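Below is one structure, written out as structure tokens, with a few remarks after it.
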Amino acid sequence: MTTRFEREAQPESLLLNMGPSHPAMHGTIRIMLELDGERVLSSEVEIGYLHRGFEKTCENKSYFNLLIYTDRLNYVSPLINNLGYVMAVEKLCGLVVPEKAQIIRVLMSELSRVSDHLTALAAMAMESGAFTVFLYKMKAREFLWDVIEQTTGARMTTSYIRIGGVRADLHADFAGACRRAVAETHKVLKDVHGLLDKNKIFLDRTRDIAVMSRADAVSYGWTGPCLRSTGIPYDIRKARPYLLYDRLDFEVPVGERGDNYDRYMVRMKEMDQSLRLIEQCVGLLEKMPAASTADGLAPAEAIRMARGQKPVRPVILSPNLEGADRTVQPEIYAAAPGYVLPPKDETYTTMEGLINHFGYFMKGHGIRPPRGEVYFSVEGGNGELGYYIVSDGTDRPYRLHLRAPCFHVVAALEQLIRGRLIADIIPTFGSMNMIGGELDR
Amino acid sequence: MEEEKILDALRQACPDAVLSAEVSLGDAVAVIRGESLTAVAEFLRGAPLSLTFLLDLTCVHHPGRVEAFEMVYHFLSLDTNARIRIKAGLPAENPEIASLTGMWKNASWLEREVFDMFGVRFAGHPDLRRLLLYEGFEGHPLRKDYPLRKRQPRIPLRKAETK
Chain A
1 MTTRFEREAQ PESLLLNMGP SHPAMHGTIR IMLELDGERV LSSEVEIGYL
51 HRGFEKTCEN KSYFNLLIYT DRLNYVSPLI NNLGYVMAVE KLCGLVVPEK
101 AQIIRVLMSE LSRVSDHLTA LAAMAMESGA FTVFLYKMKA REFLWDVIEQ
151 TTGARMTTSY IRIGGVRADL HADFAGACRR AVAETHKVLK DVHGLLDKNK
201 IFLDRTRDIA VMSRADAVSY GWTGPCLRST GIPYDIRKAR PYLLYDRLDF
251 EVPVGERGDN YDRYMVRMKE MDQSLRLIEQ CVGLLEKMPA ASTADGLAPA
301 EAIRMARGQK PVRPVILSPN LEGADRTVQP EIYAAAPGYV LPPKDETYTT
351 MEGLINHFGY FMKGHGIRPP RGEVYFSVEG GNGELGYYIV SDGTDRPYRL
401 HLRAPCFHVV AALEQLIRGR LIADIIPTFG SMNMIGGELD R
Chain B
442 MEEEKILDAL RQACPDAVLS AEVSLGDAVA VIRGESLTAV AEFLRGAPLS
492 LTFLLDLTCV HHPGRVEAFE MVYHFLSLDT NARIRIKAGL PAENPEIASL
542 TGMWKNASWL EREVFDMFGV RFAGHPDLRR LLLYEGFEGH PLRKDYPLRK
592 RQPRIPLRKA ETK
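Below you can see the structure in the form of structure tokens.
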């Protein structure tokens with residue numbers, strides 16, 4: 001059994017297998033190369049090594065339960081994946097999310113976007129030999145992930161953004177922690193600019209290599225930083241604003257040539273814009289009341305005071321500690337019974353609360369959006385991240401399809417490396433930021 | 442309403458092709474005949490709508506219906522920022538629709554994925570074979586009659602060929 005690629009190859013050319021287990025094919029992807037010396041005559045990209053039936057699994061899970069699978073799509077920016085799914089369901093159900101939850105969602109998606117770009121460029125730089133840049137960027141990503149971890153309780157598999165709101169309120173010192181992380185990231189970005197922007201080795205490997213024309217970028221369905229590197233200023237946050245993006249101040253950086261260097265530069269500039277957005281949101285957040293009144297108390301003491309038969313002082317716990325406590329928090333959850341998690345305290349103490357709880361989690365009950373279908377997209381780290389959901393009125397999606405941005409980007413890899421050297425594959429592939437979880441689903 | 446205008450333009454340009462058109466949850470949605478997909482796509486891509494961007498292409502399986510497979514296309518215009526969803530039903534036996542690979546380059550992989558997952562064939566696709574799953578996989582997993590926990594038979598080890 002020979003593949004079409006093997007049959008069509010010239011008899012005198014060398015066939016070389018790159019991947020699926022290759023240090024530069026992060027994620028697993030296989031590129032079959034037809035070589036004349038070091039020059040790539042043609043190639044065939046084979047994907048699917050990380051396919052785990054995401055869409056089939058989701059069709060057999062309830063709307064609440066399948067949220068955790070969205071974490072594992074683009075595992076570098078899980079919060080944006082949560083957001084896209086959750087907002088698609090909210091569009092289907094017509095839920096309105098409170099403003100504080102929207103601010104938190106913007107914050108979380110921008111923190112994720114920065115960490116996504118940092119990871120993409122770190123891997124790209126490392127594979128081009130700039131290991132220092134890799135370490136610097138990983139350091140910056142740790143600062144951001146610390147903020148994410150303090151808020152969501154997890155570094156990668158967050159499941160933090162929930163249908164109707166967000167899982168928990170921010171902790172007391174969030175603004176300070178966020179500002180420190182942003183300041184550290186700015187420092188790292190400045191260092192990286194100094195290390196790479198005019199670096200002869202880096203420029204030789206990226207400038208005018210793998211140039212994508214605007215027409216081809218559109219024909220391939222490129223979105224996100226890769227599309228903008230060709231000079232098309234399309235960003236969903238501007239084109240179809242969701243959350244608070246129409247009220248916030250930011251720019252959409254674009255490239256000129258559409259080569260590897262532009263894809264690097266657009267991502268670097270986008271991180272600056274994202275940090276600007278984070279700073280604006282932190283400013284907005286400081287004007288909001290805190291949901292928790294347990295500040296200054298040790299967790300055990302706070303729980304005892306909130307749960308006691310005769311509370312010494314009325315304490316509202318932060319949901320960071322013990323799940324949504326006495327009431328559903330109106331600041332961060334929509335007032336939509338049946339769509340948001342019922343308060344735990346009522347579940348444990350009242351009959352109605354217990355019924356509500358079972359009504360939410362029991363098979364065949366829970367979140368049941370009306371019949372219909374919806375497509376909703378957010379600006380993910382790699383571009384337009386869209387969810388297409390068909391609902392038949394039951395508690396499970398009849399069909400859930402993900403429009404993965406890097407699927408369209410990687411589809412163009414064969415064209416971009418044709419006629420180039422083997423060494424050019426590495427930065428080209430790195431600049432695409434292929435994420436296996438999202439590509440193969 | 443911008444969505445209504447797009448649908449009106451589509452209805453006027455291809456009156457025979459459009460079966461129904463409505464705005465659903467703020468999105469323009471048109472159901473067309475499967476055989477007129479190429480004509481509709483060409484009209485959408487050209488002036489005045491200039492929906493030059495094939496955003497997404499997927500399929501939904503409805504086993505009980507006569508038209509068991511429903512192809513779903515999303516188009517986007519970068520100039521006017523308009524979007525439209527086009528749906529086309531295909532029969533349960535030998536579902537086949539025209540390929541869009543001649544118009545959009547990303548259609549190649551998208552159609553291979555739908556072929557892989559649903560077994561829908563695309564007339565005119567230059568290289569229609571499985572994309573995510575492997576050669577030798579039995580069945581099409583996103584069809585509703587494919588069991589969730591079905592196991593696949595082992596495929597024989599492929600011997601390395603020497604030229």
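In order, the protein sequence lines correspond to chains A and B. Going by this note's numbering, the first residue of the first sequence is number 1, and it counts up by one from there. Going by this note's numbering, the first residue of the second sequence is number 442, and it counts up by one from there. From the three backbone atoms N, C-alpha and C, an ideal C-beta is built for every residue, glycine too. Quick caveat: nothing in here was measured; it's all calculated off a predicted structure.
Own chain, CB closer than 6 Å to residue i, minus 5 neighbours either side, in chain order
| i | result |
| --- | --- |
| A/R207 | Y261 |
| A/R403 | G386 |
| A/Y85 | T70, Y387 |
| A/M87 | F376 |
| B/V513 | T499, K528 |
| A/C281 | I103, V106, L107 |
| B/T479 | A539 |
| B/V481 | C455, A458, I473 |
| A/N356 | P342 |
Continuous beta strand (DSSP E) stretch holding residue i: start and end
| i | result |
| --- | --- |
| A/D36 | 30-36 |
| B/D449 | Counting along the chain, B/D449 falls outside any beta strand (DSSP E), though it belongs to the alpha helix (DSSP H) covering 443-454. |
| A/A9 | Segment: none, A/A9 is in no beta strand (DSSP E) and carries neither H nor E. |
| A/E331 | Careful: A/E331 lies outside any beta strand (DSSP E) and carries neither H nor E. |
Whole-angstrom distance between residue j and residue i, CA atom to CA atom
| i | j | result |
| --- | --- | --- |
| A/L248 | A/I148 | 21 Å |
| A/P11 | A/Y69 | 45 Å |
| A/L321 | A/V166 | The predicted position of A/L321 is uncertain, since its pLDDT is 44 and thus under 50; a value taken from the coordinates is nonetheless stated next. Computed Cα separation, rounded: 14 Å. |
| A/A324 | A/H401 | Here the model assigns A/A324 a pLDDT of 45, short of 50, so the residue's position is not dependable, and the following value carries that caveat. Each residue's Cα considered, the two are about 31 Å apart. |
| A/G283 | A/R179 | 10 Å |
| A/N81 | A/N382 | 11 Å |
| B/M558 | B/H581 | 5 Å |
| A/T223 | A/P369 | 29 Å |
| A/S13 | A/I425 | 18 Å |
| A/L95 | A/H408 | 31 Å |
| A/E414 | A/M25 | 14 Å |
| A/V97 | A/D246 | 16 Å |
| A/L285 | A/K100 | 7 Å |
| B/G577 | B/E537 | 21 Å |
| A/P427 | A/T57 | 34 Å |
| A/N17 | A/L421 | 15 Å |
| B/S491 | A/Y63 | 36 Å |
| A/A217 | A/G430 | 17 Å |
| A/P397 | A/P20 | 33 Å |
| B/Y587 | A/S159 | 29 Å |
| B/P532 | B/I596 | 31 Å |
According to DSSP, residues forming a beta bridge with residue i
| i | result |
| --- | --- |
| A/Y387 | A/F376, A/L402 |
| B/T499 | B/V513 |
| A/I161 | A/V166 |
| B/V464 | B/A469 |
| A/K439 | The residue asked about is misnamed: residue 439 of chain A is Leu in this sequence, not Lys. DSSP output for A/L439 lists no bridge partner at all. |
| A/M18 | A/I31 |
| A/L421 | A/R39 |
| B/I538 | B/F563 |
| B/V459 | B/I473 |
| A/P397 | A/S391 |
Contacting residues, own chain, Cβ-Cβ under 8 Å from residue i (five flanking each side not counted)
| i | result |
| --- | --- |
| A/L144 | L111, V114, S115, L118, A181, T185 |
| A/L196 | A125, A130, V133, F202, Y264 |
Range of the contiguous alpha helix (DSSP H) that encloses residue i
| i | result |
| --- | --- |
| B/I525 | Per DSSP, B/I525 belongs to no alpha helix (DSSP H); it is in the beta strand (DSSP E), 524-531. |
| A/S42 | No alpha helix (DSSP H) contains A/S42, which is instead part of the beta strand (DSSP E) from 39-46. |
| A/F202 | 200-206 |
| B/I596 | Looking at the DSSP string, B/I596 is not in any alpha helix (DSSP H), and its letter there is neither H nor E. |
| B/V481 | 478-486 |
| A/R237 | 236-239 |
Neighbourhood of residue i by C-beta, 7 Å cutoff - its chain only, sequence neighbours within 5 removed
| i | result |
| --- | --- |
| A/R371 | S391, D392, G393 |
| A/A140 | L118, E184, T185, V188 |
| A/R237 | Y245, E379 |
| B/K585 | H502, P504 |
Residue i CB to nearest heavy atom of the ligand GTP below 8 Å
| i | result |
| --- | --- |
| A/L118 | Ligands are entirely absent from the displayed structure, and the ligand GTP is therefore not among its contents. |
Practice problem: Taking only beta carbons into account, state which residues of the stretch 503-521 of chain B come closer than 8 Å to chain A, listed in chain order. | Solution: Interface annotation for the stretch 503-521 of chain B against chain A: V513, H515, L519, criterion Cβ-Cβ distance under 8 Å.
Quiz item: Using a Cβ cut-off of 7 Å, which residues of the stretch 36-63 of chain A contact any Cβ in chain B, in chain order?
Solution: Of all residues in the stretch 36-63 of chain A, I47, G48, H51, G53, E55, K56, N60 have a Cβ within less than 7 Å of some Cβ in chain B.
Exercise. Report the residues of the stretch 218-250 of chain A with a CB closer than 8 Å to any CB of chain B, ordered along the chain.
Key: Residues passing the 8 Å Cβ filter: V218, S219, Y220, G221, I232, Y234, A239, R240.
Self-check item: Interface positions of the stretch 449-475 of chain B facing chain A (Cβ-Cβ less than 9 Å), listed along the chain
Solution: Identification of residues in the stretch 449-475 of chain B having a C-beta nearer than 9 Å to some C-beta of chain A yields S465, L466, G467, D468, V470, given in sequence order.
Quiz item: What residues in the stretch 89-123 of chain A bring their beta carbon closer than 8 Å to a beta carbon of chain B?
Solution: Hits within the stretch, in order: K91, L92.
Exercise. Could you list the residues in the stretch 405-416 of chain A with a C-beta less than 9 Å from some C-beta on chain B, going in chain order?
Key: Hits within the stretch, in order: F407, H408, V410, A411, A412, Q415.
Self-check item: Positions along the stretch 484-504 of chain B whose CB lies within less than 7 Å of some CB in chain A
Solution: Answer set for the stretch 484-504 of chain B: T493, F494, L495, L496, D497, T499, V501.
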